[in-house]
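Please read the structure below before turning to the comments.
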Amino acid sequence: MSDKRDYYEVLGVDRSADEAAIKKAYRKKAMEYHPDRYKGPKEEAEEKFKELNEAYSVLSDSNLRTRYDRFGHQGLDPRVRASAHNANPFDFVSQIFGMDFGDIFGGFGGQSRRSRGPTRGRDAVLEVYLTYEEAYSGVSKKITIPFKQGCKTCHGTGAEPGSEMSTCANCRGSGRVERRVQTGIFIQVSQEQCSKCRGTGQIPKKKCKKCKGSGYSSEKEKISVKIPPGVNEGEMVRVQGKGHPSRNGGTPGDLILRIGLKEHDYFQRDGLDVHMLLPIPFDVAALGGEIEVPVIGPPDEERFEKMKVPKGTQVFDTLVLKNKGFVRSYNGRDATGNMYYKVTIEVPHKLNKKQIKALKDYRDAS
Ligand SMILES: [Zn+2]
Ligand SMILES: [Zn+2]
19 MSDKRDYYEV LGVDRSADEA AIKKAYRKKA MEYHPDRYKG PKEEAEEKFK
69 ELNEAYSVLS DSNLRTRYDR FGHQGLDPRV RASAHNANPF DFVSQIFGMD
119 FGDIFGGFGG QSRRSRGPTR GRDAVLEVYL TYEEAYSGVS KKITIPFKQG
169 CKTCHGTGAE PGSEMSTCAN CRGSGRVERR VQTGIFIQVS QEQCSKCRGT
219 GQIPKKKCKK CKGSGYSSEK EKISVKIPPG VNEGEMVRVQ GKGHPSRNGG
269 TPGDLILRIG LKEHDYFQRD GLDVHMLLPI PFDVAALGGE IEVPVIGPPD
319 EERFEKMKVP KGTQVFDTLV LKNKGFVRSY NGRDATGNMY YKVTIEVPHK
369 LNKKQIKALK DYRDAS
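As structure tokens, this is what we get:
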């Protein structure tokens, strides 16, 4: 643990920095370490991101910050550090963008999480795997949202609409409770969100009848999401308002679909281009000719195109069909990839008498 960097150093702020300065520094650094912007290796960006988030999650929480100021890294429950450190960095990315949207549009996202006002729910990231053909033509994916939805009657607060609120007895209104964990001869004390009031410090006098006070709806929501044609691995599709619900009446987070591609039997994608290993009969390779080759296309439709094979084509030569790869629209303009065929030579398993004679004649003539 001694090689851990100082949290203030990680964020690049003074020890006296206030909440706003810490948040500003965090956001600036987070942008810098965004995997799409970071100049160095991806793993490095991820590590920096994790370190940054750990530092921020401690320094942005006044209780944890006080402990850290007094006792350093040793003063924190290892689990607090681990959970901050191991969270999915892509979640952070979306959290940051969520925050930015909030600031620009005056939403709830920009508020500090210690504030008592409604806070925006967290964004959720789901992986969606498409076949090459689905990615080619674009697809409408039905998604059953796998996490709890906010109760529409009480907007996640668990309070019957119009009910008065009283101070939570469990945390005496602070929203946080101490947790003591004995490890060996030490007792570690950490602060965590009060589970009775979910960190709000308030408890409704009347529970919401619809959700019995849980704040969650029991129905699973099914939605249909349009994924654009030409989409590639690693791209994100954002669905507004379908992320985690707010727990105190704020707007829900967004659902972010991270696209993955299933392996294809014979195609390999590279950007908008498609590569494949193509067996060509040895006589066509030697004499030249025209053959039909598979090209990428929509699902349930095997597409073929005619392609010229020049005479004397060799193993591992590459033949190209221009503009037959993936098509992607960028700002209303289409970009199209190519199909690349790497040649292998097909040797017949069986020959008839006439063919054998022809080949022997060929050998004799060489
Ligand atoms: Zn409810
Ligand atoms: Zn409480």
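Under this note's numbering, the sequence shown has 39 at position 21, and the numbering climbs by one with no breaks.
All residues carry an ideal CB built from backbone N, CA and C; glycine is no exception.
A distance criterion of 7 Å places the beta-carbon of G193 in contact range of ligand 2, judged by its closest non-hydrogen atom. Taking the Cβ of T171 as the reference point, at least one heavy atom of ligand 1 falls within a distance shorter than 7 Å. Judged by DSSP secondary structure, K66 falls outside any beta strand (DSSP E) and instead within the alpha helix (DSSP H) spanning 60-77. A straight line joining the alpha-carbon of V195 with that of I277 spans about 39 Å. C229 has its CB nearer than 7 Å to a heavy atom of ligand 1.
G202 places its beta carbon 8 Å or farther from that of R346. A residue is called buried once 16 or more other Cβ atoms fall within 10 Å of its Cβ, and H367, having fewer, is exposed. Under DSSP, D318 takes part in no beta bridge, so it has no partner.
When the beta-carbon positions are compared, V338 and F322 stay at least 8 Å from each other. K223 has its Cβ no nearer than 7 Å to any heavy atom of ligand 2.
A39 sits exposed, since fewer than 16 C-beta atoms from the chains shown fall within 10 Å of its C-beta.
Short of 6 Å from the beta carbon of Q286, and not among the five residues preceding or following it, lie these beta carbons of its own chain, in chain order: H293. At least one heavy atom of ligand 2 lies less than 7 Å from the C-beta of C215. Not one heavy atom of ligand 2 sits closer than 7 Å to the Cβ of N81.
Runs of the beta strand (DSSP E) lying entirely within the segment 184-220 and spanning at least 3 residues, in chain order: 194-201, 204-211.
Between the segment 168-178 and the segment 210-222, the count of C-beta pairs closer than 8 Å reaches three or more; the two stretches touch. At a threshold of 7 Å, C186 does not count as near ligand 1, since its beta carbon sits no closer than that to any of the ligand's heavy atoms. Per DSSP, reduced to three states, the secondary structure at A177 is strand. Under the three-state reduction of DSSP, V28 is assigned to helix. Not one heavy atom of ligand 2 falls within 7 Å of the beta-carbon of G174. DSSP places Y56 outside both helix and strand once states are collapsed to three, so it counts as coil.
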